[in-house]
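Written below as structure tokens is the structure these notes are about.
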Amino acid sequence: MQLNKDLYIIGIGPGNLADISRKAYQVLNEVDVIVGYKKYIECIKELTREKQQLYSTGMRKEMERVEKAVGLAAAGKKVALISSGDAGVYGMAGPAFELIAKNDIAIEVEVIAGITAANAAAAVLGAPLMHDYVVISLSDILTPWDQIKKRLKAAAEADFITTLYNPRSSRRKMQLQETQKIFLKHRSPDTPVGIVKSVGRDGEELMITTLSELPLEKVDMLTTVIIGNSNTYVAANKIITPRGYKI
Ligand code: SAH
Numbered sequence: 033m034q035l036n037k038d039l040y041i042i043g044i045g046p047g048n049l050a051d052i053s054r055k056a057y058q059v060l061n062e063v064d065v066i067v068g069y070k071k072y073i074e075c076i077k078e079l080t081r082e083k084q085q086l087y088s089t090g091m092r093k094e095m096e097r098v099e100k101a102v103g104l105a106a107a108g109k110k111v112a113l114i115s116s117g118d119a120g121v122y123g124m125a126g127p128a129f130e131l132i133a134k135n136d137i138a139i140e141v142e143v144i145a146g147i148t149a150a151n152a153a154a155a156v157l158g159a160p161l162m163h164d165y166v167v168i169s170l171s172d173i174l175t176p177w178d179q180i181k182k183r184l185k186a187a188a189e190a191d192f193i194t195t196l197y198n199p200r201s202s203r204r205k206m207q208l209q210e211t212q213k214i215f216l217k218h219r220s221p222d223t224p225v226g227i228v229k230s231v232g233r234d235g236e237e238l239m240i241t242t243l244s245e246l247p248l249e250k251v252d253m254l255t256t257v258i259i260g261n262s263n264t265y266v267a268a269n270k271i272i273t274p275r276g277y278k279i
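Counted the way our numbering counts, the sequence shown spans residues 33 to 279.
Written out as structure tokens, the structure is:
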């Protein structure tokens, strides 16, 4: 494959090689350098070749990785910058484009889409996202909690199916509890909720429960939570949100 761009920003899907697009597969095999979070470099290691340079850093070092990838691309290397899921969804595409724009860096960039955790989680749960939905990250590291709460309230009031990312960590426990309270003000306690941990990875776990019974302690940072809308129901162990067809 002829690589005609300098930097490829690639979503590698939720965490196994089968969920990576064919294009991402080919590009990852061809570039000179792959930059990513340690764990995700591990995920795609099988695809790499000896002469490729791998550059990884730990959690919260996103800007370091972006600077490295953009810098190497500007210096003439063919570079892949990887994110889990899709790189344009709370991933590396945003900060990379921001840095390139701010410093007027003359490189050609292509984003290669990936399967998001929301889509992978929805697939194992059945068809929960069959109507209008939103994704809200409960992480208040880069976004003030008040703003997140405002969006949660708006989503709950407007009856959006709501997917929660970054729902709960050892240091951030109250956010999910507050979210549950907000939704209980606008939605029935029996509203179906799907909880999927490590989707597409070793140790994948899923649980179908209700809004009032949501087991907070089962949820961690590797979990995606999907709250149904007022029409969502559970049948034959699947979460289904009707689209409106006459069945
Ligand atoms: N770019 C990613 C999202 C990154 S935000 C995407 O498009 O999917 C990180 C959050 O995504 C995690 O806190 C978790 O809520 C969710 N997530 C990522 N990978 C996951 C997986 N394999 N299983 C379940 N949830 C996952």
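Each residue gets a CB set at the ideal place from its N, CA and C atoms; glycine is no exception. Keep in mind that this is a model prediction, so the values were computed, not measured.
- The DSSP-derived three-state label of residue 214 is helix.
- The residue among 34, 80, 270, 48 with its C-alpha nearest the C-alpha of residue 230 is 48.
- If you look at residue 127, you'll find it in the alpha helix (DSSP H) that goes 125-134.
- When rounded, the separation of the alpha-carbon atoms in residue 258 and residue 246 is 11 Å.
- In the structure shown, the three-state DSSP call for residue 156 is helix.
- For residue 71, the secondary structure class from DSSP, reduced to helix, strand or coil, is helix.
- Residue state for residue 229 is assigned as strand, using DSSP reduced to three classes.
- With the rule of 3 Cβ pairs closer than 8 Å, the region 94-113 counts as touching the region 38-53.
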